[in-house]
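Residue numbers (full-length UniProt numbering): 1 to 447.
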């Protein structure tokens, strides 16, 4: 047994981790260890259920590379259950079986399926580079090998269409002057006295902004959220809300201005009925029941849950439960919403529902901060990204510029957008402008 464990651990590069406790490992390391545990039995079929969940983009890319290498070395059959299609197609896939509501809609090669309308019908997002060439008027055919951006064959006339589309002027949204809302100044924090998890972090947010916080696992993103909410206390530095230092505020006092929504709604929900869950925070404040009813109904209307106000929470879908947790925060009338991975585990249809809902809240004046590994979310919905690496804020810029900067992408364990490669393929020099054009055009089309 020992020799078998050592052998498979070397094959998936975890031989140096055998003496570590599982809880001390990163998400990618845990995945490799799990794979090694299965490989000990020399199985003929590997089934991966959402292997990219909770991994940062670079680690997700490495996971697909590892799965591909194991398949080639063992000759085993590999089945991957995923909705992040473009990420899975980073390595060659023989077939895609597309399912919707218990039925098989298609069993085709990736090149064939990507040329059909079936993915959209099933709520699965096609790769961004394909959406871009289709927007440009290019007819995508299987013979063009569209399953990977590097294999996509574009004729000279196709490239001309893409360049013309890029040059097409779009209506520009007017910028509104916004006042400063949140200021983080020289923030430093460590969970242990001999280690610093965040060091000298400074930035400011204006009212009505929608911002992504990105970076590799363990970079300090969630720690920053905890500090802003008051769950942890910094060693030094300050957090100011409209110029007022929050250092003396309790968690309860901060919750009146700053709402935090966890990734998994089931970890937040404690009441059996929807109304009671949303009313819980107000009841702990001792508000009259008449006022509570009014405020809860208003929050439920905003979240599209008013018709379900008397329903049990158990009758709701995961996405609806997510809205309940958001309603329970909104009812406290905060100025800032912080959401941890708001679209984790959602297919494209539900992802769009959640994000359009958050965009509407942002349009109503809420400042929205999202901690995310989802590069599509960051590109499409947030004009600004705060980039963390090893406890440092290393960049504060537009996502379209971030994902076209190979050095920053590598530092923060992100992944270059395929739109960057498409721009290069079509001879477009300013790739970040091309990416921004896609974002703006896509927003127009889907509005």
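Heads up, the beta-carbon is just placed ideally off N, CA and C, and yes, glycines get one too.
For the ligand COA, is there any heavy atom lying closer than 7 Å to the beta carbon of residue 314?
With respect to small molecules bound, the structure shown includes none, and the ligand COA cannot be examined in it.
Please report the Cβ distance between residue 127 and residue 432, rounded to the nearest whole angstrom; I am assuming they are in contact, meaning their Cβ atoms lie under 8 Å.
19 Å between Cβ atoms; not a contact.
From which residue to which residue does the beta strand (DSSP E) around residue 395 run?
Unbroken beta strand (DSSP E) run through residue 395: 392–397.
CB contact flag (residue 51, residue 33, <8 Å)
no
In three-state terms, what does DSSP make of residue 239?
strand
As a quick exercise: from 308, 80, 70 and 17, pick the residue whose alpha carbon is nearest that of residue 48.
The shortest Cα separation from residue 48 among 308, 80, 70 and 17 belongs to 80.
Tell me which residue opens and which closes the alpha helix (DSSP H) that residue 500 is part of.
This structure cannot settle anything about residue 500, because the visible part of the chain is limited to 1 through 447.
Under 8 Å by Cβ, that's how I've got residue 343 and residue 354 pegged, so tell me the actual separation to the nearest angstrom.
Residue 343 to residue 354, Cβ: 6 Å. Contact.
Does the beta-carbon of residue 260 have 16 or more other beta-carbons within 10 angstroms, so that it is buried, or is it exposed?
Result: buried.
So, at 6 Å on beta carbons, what are the nonlocal neighbours of residue 497 in its own chain, with the 5 sequence-adjacent residues on each side left out?
Nothing in the structure corresponds to residue 497, since the chain is present only between 1 and 447.
What residue range is occupied by the uninterrupted alpha helix (DSSP H) comprising residue 362?
348–363
Buried or exposed for residue 59, please, with buried defined as at least 16 other CB atoms from any protein chain shown within 10 angstroms of its CB.
buried
Under a three-way DSSP split, which group does residue 103 fall into?
strand
Among 216, 107, 14 and 146, whose alpha-carbon lies nearest the alpha-carbon of residue 115?
146
For the alpha helix (DSSP H) containing residue 275, list its first residue and its last residue.
274–285
Would you mind giving the Cβ-Cβ distance between residue 357 and residue 83, rounded to the nearest angstrom? I have them listed as a contact below 8 Å.
Incorrect: roughly 19 Å between the Cβ atoms, too far for contact.
Go ahead and pull the three-state DSSP assignment for residue 317.
coil
May I ask you to report which of helix, strand or coil DSSP gives residue 79?
Reduced to three states, the DSSP call for residue 79 is strand.
Proximal residues to residue 63 (C-beta, below 7 Å), its chain only, five neighbours per side dropped
28, 31, 51, 52 and 55
Looking only at DSSP bridge pairs, what is residue 245 linked to?
240
Please go through the same chain and pick out, in chain order, the residues whose beta-carbon is closer than 8 Å to the beta-carbon of residue 187, but skip the five residues on each side of it.
198, 200, 201, 202, 224, 227, 234, 236, 237, 238 and 239
Rounded to the nearest angstrom, what separates residue 70 and residue 12 at their Cα positions?
8 Å
Which same chain residues, not among the five before or five after residue 306, have their C-beta less than 7 Å away from its C-beta?
Excluding its 5 nearest sequence neighbours in each direction, residue 306 has C-beta neighbours in its own chain below 7 Å: 297 and 300, listed in chain order.
Nearest neighbour of residue 367, chosen from 119, 99, 321 and 211 [CA to CA]
211
When the distance is taken between beta carbons, is residue 110 closer than 8 Å to residue 89?
yes
Which ranges does the beta strand (DSSP E) cover as unbroken runs of at least 3 residues, wholly within the stretch 127–209, from first to last along the chain?
180–189 and 198–206
Using a 10 Å radius around the Cβ and a threshold of 16 neighbouring Cβ atoms, would you call residue 370 buried or exposed?
Residue environment: residue 370 is assigned as buried (16 or more neighbouring CB atoms within 10 Å of its CB, all protein chains considered).
Please tell me whether residue 230 and residue 251 are closer than 8 Å, where the distance is taken between their beta carbons.
Their beta carbons are under 8 Å apart, which means residue 230 touches residue 251 by this criterion.
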